[in-house]
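A.B. asks: If you scroll down you'll find the structure; I have some questions about it.
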Amino acid sequence: MAQPVSTQPEMPAILPGRKLASAIAIGGVAFGALVVAGALALWFHYGTAVFFEMIASGISACF
-11 MAQPVSTQPE MPAILPGRKL ASAIAIGGVA FGALVVAGAL ALWFHYGTAV
39 FFEMIASGIS ACF
């Protein structure tokens, strides 16, 4: 007696790799938004002079 030929299983609508890539992208955007919100909060709390002094000292430390 002949065995039935099996068909390939259906491909899922969203591949697991794509789902992971979307999650990483959304997480990156959320992290970036958090960093920007934190920088703005520090800017408003400490004022622009302190904020720019920190940036200037960081740049001068690099060079």
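For reference, each letter of the sequence shown is one residue, going -11 to 51 in my numbering.
Glycine included, C-beta positions come from ideal geometry on N, C-alpha and C.
1. At which residues does the alpha helix (DSSP H) containing Phe51 begin and terminate?
2. Is the separation between the beta-carbon of Phe39 and that of Trp31 shorter than 9 Å?
3. So what's Val(-7) in DSSP terms, helix, strand or just coil?
4. Between Ser45 and Ala37, what straight-line distance do the alpha-carbon atoms span, to the nearest angstrom?
C.D. replies: Taking the geometry as given:
1. The sequence position of residue 51 within the sequence shown is 63, counting from 1. From DSSP, Phe51 is part of no alpha helix (DSSP H); its letter is neither H nor E.
2. Working through the sequence shown from its first residue, we reach residue 39 at position 51. Working through the sequence shown from its first residue, we reach residue 31 at position 43. A contact, by the Cβ cut-off of 9 Å.
3. Here residue -7 refers to the residue found at position 5 of the sequence shown. Reduced to three states, the DSSP call for Val(-7) is coil.
4. Stepping through the sequence shown from its first residue, residue 45 is reached at position 57. Stepping through the sequence shown from its first residue, residue 37 is reached at position 49. Spanning the two alpha carbons is a distance of roughly 12 Å.
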